[in-house]
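If you count the sequence shown from 1, you need to add 4 to reach our numbering.
Glycine residues also receive a C-beta, built at the ideal position from the N, C-alpha and C atoms.
Values in this document were obtained by computation on a predicted structure and should not be read as measured data.
To start, the structure itself, in structure tokens.
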Amino acid sequence: MANKRPRVVIVGAGFGGLWAARTLAGALVDVLLIDRNNYHTFLPLLYQVAAAELEPEQIIYPVRTMLRKLPNAGFIMAKVTGLDPASQTIEVNGSIIPYDYLVLAMGSTSHYFDIPGAAEYAFPLKTLEQGTAIRNHILCSFERAVYETDEEKRQRLLTFTIVGGGATGVEFAGALAELIRGPLTKDYPKIDFKKVKIILLEAADSLISMMPDELRRYAFERLRWMGVDVRLKTTVSRIEPDAVYLGDGSPIPTEAVIWTAGVRGEPMAQAWGLPTARAGRVTVLETLQLADYPNIYVVGDLSYLEEDHHPLPLVAPVAVQQGVTAAENIKRQIKGQRLKPFRYNDRGTMVTIGRNAAVARIGNRSYTGFFAWVVWLVIHLLNLIGFRNRLLVMINWSWYYFFFEHAVRFIFPSEIAGAAQCSRERKG
Ligand SMILES: Cc1cc2nc3c(=O)[nH]c(=O)nc-3n(C[C@H](O)[C@H](O)[C@H](O)COP(=O)(O)OP(=O)(O)OC[C@H]3O[C@@H](n4cnc5c(N)ncnc54)[C@H](O)[C@@H]3O)c2cc1C
């Protein structure tokens with residue numbers, strides 16, 4: 005007799021997709037999880053990969069290992085390229101896969117706001133490959149600066165510009181300052197580190213605009229104290245291979261522009277004709293369903309939902325809670341029960357800036373400095389998937405804390421970095 009259990013297909017094994025799959029464990033459904041990678045990436049620590057603080061393997065975890073505990077779930081490693089809601093099918097590598105219920109959890113990509121040259125020459129920070137490419141490029145810049153005899157070119161190699169003063173830009177600027185002013189000064193004794201510049205550009209009049217005032221000021225002061233040249237109310241008009249041009253037309257000569265200024269929903273959803281709101285995010289009902297297709301749910305960064313007239317933030321807790329709600333609603337839908345509207349349970353936000361320095365908003369209270377930093381460390385360590393990863397990350401962090409040394413300073417793999425000659429190869 006044919007299997008009558010409904011099939012739930014989940015696209016994306018990030019925070020939203022994975023938590024949806026976990027919530028469906030034990031339900032009378034067959035779950036098929038699909039991701040273009042065979043691992044889950046813990047994106048909140050990606051900037052530490054880019055700053056040569058953690059190895060890429062320490063922030064990822066194999067999807068199949070996670071699925072061992074979910075007997076009703078299968079996995080396909082492939083990129084989903086098509087969706088036909090009318091026939092309830094998706095397309096994967098030329099094959100058609102039918103679904104009864106679909107959860108789209110494909111996340112987001114970098115948004116360049118049509119700034120000329122940004123997509124071509126800036127380094128985005130959204131995937132493991134991109135984090136590794138940034139690390140390689142930074143280390144390559146120092147390797148090239150060692151033998152560069154032209155003063156102007158050497159200065160360009162030693163200028164690192166970060167565009168976007170949101171949480172990722174602030175965290176990366178702090179980590180980069182610690183890498184450069186710490187371990188790299190020992191590695192490159194011939195380089196004059198007074199000439200190394202880290203510039204953080206932000207269009208608004210403050211950093212981390214989602215944080216209360218005092219926390220924004222703390223982040224600004226702390227980064228400046230760490231030697232980061234923070235420029236507020238500064239826009240970017242274009243990017244070329246050897247310079248970033250500001251809104252007033254003035255250039256900053258640099259070969260390293262790291263883009264953390266904006267994100268948009270994974271563009272494929274728009275290409276499939278799904279209804280999108282701001283920044284290509286898919287508009288969903290409170291139940292996380294599409295208005296026209298009640299058996300399609302969209303969660304995480306890809307979904308657009310407002311609460312109290314504000315769009316929900318693109319953060320991991322929203323994706324996790326939406327993944328859980330979508331899965332619970334699918335179970336209710338199958339039983340013919342009333343669906344539950346999504347409400348975000350916001351426990352707070354935190355951003356780390358560097359050693360002993362972070363900002364945290366927990367409920368209505370604000371914290372800065374050592375206490376916020378310890379809370380940040382503990383929360384990120386506990387949320388990282390895999391005991392081995394937690395242990396290795398803890399060892400890495402402790403090693404750096406006590407010995408001021410980063411364990412990871414490899415330019416590897418060479419295909420990504422163009423490392424054989426540390427050439428001007430750009431993005432990975
Ligand atoms: C550098 C960085 C730092 C961050 N720091 C924090 C932080 O400190 N705290 C916080 O709360 N949030 C942070 N975020 C945001 C947080 O990571 C996201 O909000 C969260 O990952 C969203 O979860 P998601 O499931 O929607 O998407 P993701 O976690 O991005 O997962 C999407 C998945 O879909 C897969 N996929 C995409 N397209 C396809 C396709 N066509 N076919 C198959 N698979 C596909 C991808 O491979 C990926 O595995 C950070 C993000 C970045 C980039």
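Counting along the chain, the unbroken alpha helix (DSSP H) around V322 starts and ends at 320-339. The beta carbon of R40 is closer than 6 Å to those of K83 in its chain, skipping five residues each way along the sequence. Taking W377 as the centre and dropping the five residues before and after it, the same chain places the C-beta of T356, N360, A361, A362 closer than 7 Å to its C-beta, in chain order. Your pair G21 and L37 checks out as a contact, with CB atoms roughly 6 Å apart and the cut at 8 Å.
The DSSP-derived three-state label of W229 is helix. Contact check for V267 and T113: beta-carbon distance about 7 Å, within the 8 Å limit, so the pair qualifies.
By the 16-neighbour rule on beta-carbons within 10 angstroms, S145 is buried. Between the alpha carbons of A281 and T291 lies a gap of roughly 17 Å.
Separation of the CB atoms of I366 and L108 is rounded to 31 Å, and the pair is thereby denied contact status at 8 Å. Unbroken beta strand (DSSP E) stretches of 3 residues or longer found wholly inside the region 186-274: 201-205, 232-235, 240-244, 247-250, 255-257, 260-263, 267-269, given in chain order. Look at G284 here: in three-state DSSP terms it is helix. Annotation for E95: the continuous beta strand (DSSP E) segment containing it runs 93-96. In the DSSP assignment, T113 falls outside any alpha helix (DSSP H) and within the unbroken beta strand (DSSP E) covering 112-114.
The continuous beta strand (DSSP E) containing Y301 extends over residues 300-302. Sorting K194, R394, E332 by C-alpha distance to the C-alpha of A25 places E332 at the top. Proximity of the beta carbon of A275 to ligand 1 is not indicated: no heavy atom of the ligand is located closer than 7 Å. In the same chain as V397, and ignoring 5 residues on each side of it, the C-beta atoms closer than 7 Å to its own belong to L58, Q62, L385, L388, in chain order.
Measuring C-alpha to C-alpha distances from D104 to each of T189, S91, I119 identifies S91 as the nearest.
Around the beta-carbon of M214, fewer than 16 other beta-carbon atoms lie within 10 Å, marking it exposed. With a 10 Å radius around the Cβ and a threshold of 16 neighbouring Cβ atoms, D312 comes out exposed. In the DSSP assignment, A25 falls within the unbroken alpha helix (DSSP H) covering 19-27. Taken atom to atom, the span from the alpha-carbon of K130 to that of R68 is near 22 Å. According to the DSSP assignment, V378 belongs to the alpha helix (DSSP H) that extends over 373-387.
Each of V319, M230, R413, V200 was checked against the Cα of L47, and the nearest Cα belongs to V319. Judged by DSSP in its simplified three-state form, L180 adopts helix. When DSSP reads this structure, M81 sits in a beta bridge with D39.
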